[in-house]
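Position 109, counted from 1, in the sequence shown is what the working numbering calls 101; the numbers after and before it change by one each time, with no gaps. Beta carbons: idealized from backbone N, C-alpha and C, even for Gly. Okay, structure first, notes after.
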Amino acid sequence: MSSLSGKKAVVIGAGMGGLAAAKALSGHFDRVTVLERDTLSSDAAPRPGTPQARHLHALLAGGLIALNELIPGIETELEQAGAVRIATGDVRMERPGFDPYPQRDLGLSWLSVSRPLLEFVSRQIAKRQKNIEFRGDCRVREILGLPDGSAVTGVRYETADGRVETLAADLVVDASGRGRLAFSAFESMGLPKPEETEIGIDIAYSTAVFERPDDAPSNWKVVMVLPSAPGDSRGGLLSPIENNRWIVSVGGNHGDAPPGDMEGFLAFVKTLRTSTIYDAIKDAKPTGPIIRYMLPCSSRRHFEKMQRFPRGLLPVGDAICRFNPVFGQGMSVAAQEAVILNRLLIAGAGQVDPLDGLASAFFAEIQAVLETPWGIAMSDFIYPQTRGQRPQDFERRLHFNIGLVRLGAQDPSIHKLMYEVNHLLKPQGALRAPEVAERVAKLMAAAPA
Ligand SMILES: Cc1cc2nc3c(=O)[nH]c(=O)nc-3n(C[C@H](O)[C@H](O)[C@H](O)COP(=O)(O)OP(=O)(O)OC[C@H]3O[C@@H](n4cnc5c(N)ncnc54)[C@H](O)[C@@H]3O)c2cc1C
């Protein structure tokens, strides 16, 4: 019998981080209760607690693999529900110097689906597990802890009719996105807050959904238009989602915000570096209004550096690290963190107290998961207005990347490696391997940027 038998876990938030964590915990704890402030509807609908869900949500290949490990069958059920399979050869990528970049089948694929449907299918599968209980309309007000800061003991939450309830738990997972509850708990227990690193980008996003026209181009399913940085930060992504629709998100950094009306949206799309997305949607029928979002920064909280951390508490997902959404990483990182949580609980199953040291082991292990997406997020320092600690070797990194992109255009194996890193299948360090670096250096020496 597991040494966690008889133990209870509470997960705050039923977003993708909370769902992945709940599935990871369900194999170890007797009972997992997911408390969500929103009503959890019986269909795939957006909800106020996740306003970002109305925007394009790419599920990277690395995220899909992690979700498959945690939620067996999800890939099949998503496809049955209408998710569209995307292979690398379906992606038209337009980047400065390459309009388009070679469009090749590299043997990698993933799914394109709306965030509400992804969340709904994940939740339906999780619900079939008898020891996971979802309680919607339950807003957690407080994480309860011992005054000496040694442990967390449960949560206090409020129901839709204003009742305040207390739920005791051996483990409380803060998957509330902002992580404010964990921070308030630190304060009430006299613990300091973790250090935080930020990359200030002030990204503004606008998204529209269209019916996919009958005469849609057949030589791509996805179009990605990258800006000519640092002079221009405007970029766009068009991707298919269930029910024969296209979702289109466009954005700019540092105050270059796309408008919130259809006319302004189309005018903004027209100013992208290429006209592919504009040409595709200019006569397409929108299925709803333009949705806007603004995110000041990517941020990473260094829980791993805290000297003292209460037993029985675990922040996950965005509560640890939020990324510039243009890289499409947050859900995949949350799923990869949950895979680590599951593995740590498996490894600790024979211990007298598997919760002892769980948080510090988790924070140590996830650093490898965070390193690549955070490294990618650092590319925002290409804009001089970006706030934060620009890496000292940033110019060298930029130069290397220019060479890498050129090499990838020539060599499918390098192109595949770039995809594998961007889809969180391989660490960013794989691109710096000596044999790759040598070839990049040679190319740049022969034809300097
Ligand atoms: C505009 C935008 C676009 C994005 N695009 C992508 C993308 O393409 N690909 C990708 O992988 N990621 C993307 N992300 C990031 C992604 O949304 C998150 O990283 C991902 O949802 C994981 O977050 P989470 O589960 O930690 O938090 P969330 O998804 O924000 O979920 C938090 C949950 O906690 C609930 N909650 C909050 N407070 C309480 C409380 N007190 N009590 C109970 N419940 C509470 C909320 O209602 C919500 O359901 C994007 C983000 C933004 C802003």
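Counted within 10 angstroms of its Cβ, other Cβ atoms place residue i as buried (16 or more) or exposed
| i | result |
| --- | --- |
| Arg424 | exposed |
| Lys15 | buried |
| Thr68 | exposed |
| Leu138 | exposed |
| Ser442 | Nothing about residue 442 can be reported from this structure: the residues present for the chain run from -7 to 441 only. |
| Arg133 | exposed |
| Pro43 | exposed |
| Ser18 | buried |
| Met8 | buried |
| Asn316 | buried |
| Pro307 | buried |
| Ser352 | exposed |
| Arg39 | buried |
| Val156 | exposed |
| Thr31 | exposed |
| Glu111 | buried |
| Arg335 | exposed |
| Pro383 | exposed |
| Met286 | exposed |
| Pro376 | exposed |
| Pro64 | exposed |
| Ser324 | buried |
| Ala327 | buried |
| Val344 | exposed |
| Met254 | exposed |
Residue i: first and last residue of the uninterrupted alpha helix (DSSP H) it sits in
| i | result |
| --- | --- |
| Tyr411 | 404 to 414 |
| Ile443 | Since the first and last residues shown for the chain are -7 and 441, residue 443 lies out of range. |
| Ala53 | 53 to 62 |
| Ile117 | 107 to 119 |
| Arg172 | 172 to 180 |
| Met431 | It should be pointed out that residue 431 corresponds to Arg in this sequence rather than to Met. From DSSP, the alpha helix (DSSP H) with Arg431 extends over 426 to 438. |
| Leu417 | No alpha helix (DSSP H) contains Leu417, which DSSP labels as neither H nor E. |
| Gly256 | 254 to 262 |
Beta-bridge partners of residue i, as assigned by DSSP
| i | result |
| --- | --- |
| Tyr197 | Gly243, Tyr285 |
| Ser267 | DSSP, once it has assigned bridges, lists no residue as partnering Ser267. |
| Leu229 | Met216, Ser241 |
| Glu134 | Arg148 |
| Met85 | Met216 |
| Leu27 | Ile4, Arg127 |
| Ile191 | Ser290 |
| Arg379 | Gly192 |
| Glu203 | Arg237 |
| Ala160 | Gly146 |
| Phe386 | BP columns for Phe386 are empty, so no partner. |
| Pro278 | Phe202 |
| Phe90 | Arg87 |
Boundaries (first-last residue) of the beta strand (DSSP E) holding residue i
| i | result |
| --- | --- |
| Met216 | 214 to 217 |
| Lys(-1) | That residue, Lys(-1), is in no beta strand (DSSP E); it is neither H nor E in DSSP. |
| Ala450 | The chain is shown only over -7 to 441; residue 450 falls outside these bounds and no answer can be derived. |
| Ser101 | 101 to 104 |
| Gly154 | Here Gly154 belongs to no beta strand (DSSP E), and DSSP marks it neither H nor E. |
| Asp126 | Note on residue identity: the sequence assigns Phe, not Asp, to residue 126. Looking at the DSSP string, the run of the beta strand (DSSP E) that includes Phe126 is 124 to 127. |
| Leu163 | 163 to 166 |
Test: residue i CB closer than 9 Å to a CB of chain D
| i | result |
| --- | --- |
| Pro346 | Here chain D cannot be found, since the structure has a single protein chain. |
Any non-hydrogen atom of ligand 3 closer than 8 Å to residue i Cβ
| i | result |
| --- | --- |
| Thr364 | You won't find ligand 3 in this model; what it holds is ligand 1. |
Uninterrupted beta strand (DSSP E) stretches inside the region 295 to 354 (no shorter than 3 residues): 305 to 307
Taking contact to mean 3 or more Cβ pairs, one atom from each stretch, closer than 8 Å, check whether the region 165 to 179 and the region 262 to 271 are in contact. no
Does the region 355 to 367 come close enough to the region 400 to 412 to have 3 or more Cβ pairs within less than 8 Å? no
Within the chosen definition, does the region 184 to 192 reach the region 145 to 155 through at least 3 CB pairs nearer than 8 Å? no
Touching by the beta-carbon criterion (3+ pairs, under 8 Å), the region 240 to 260 and the region 193 to 207: yes
At least three beta-carbon pairs within less than 8 Å, the region 56 to 75 to the region 337 to 347: no
Just checking, does the region 428 to 438 make contact with the region 126 to 135 on the three C-beta pairs under 8 Å criterion? no
Below 8 Å, can you find three or more Cβ-Cβ pairs linking the region 157 to 175 to the region 352 to 363? no
Across the region 215 to 232 and the region 78 to 92, are there enough close Cβ pairs to call them in contact, namely three or more that are closer than 8 Å? yes
Any contact between the region 410 to 429 and the region 108 to 125? By contact I mean 3 or more CB pairs, one from each, below 8 Å. no
Specify whether the region 220 to 232 and the region 248 to 261 touch according to this definition: at least 3 beta carbon pairs, one from each stretch, less than 8 Å apart. yes
contact_flag[the region 87 to 105, the region -4 to 7] where n(CB pairs < 8 Å) is 3 or more: no
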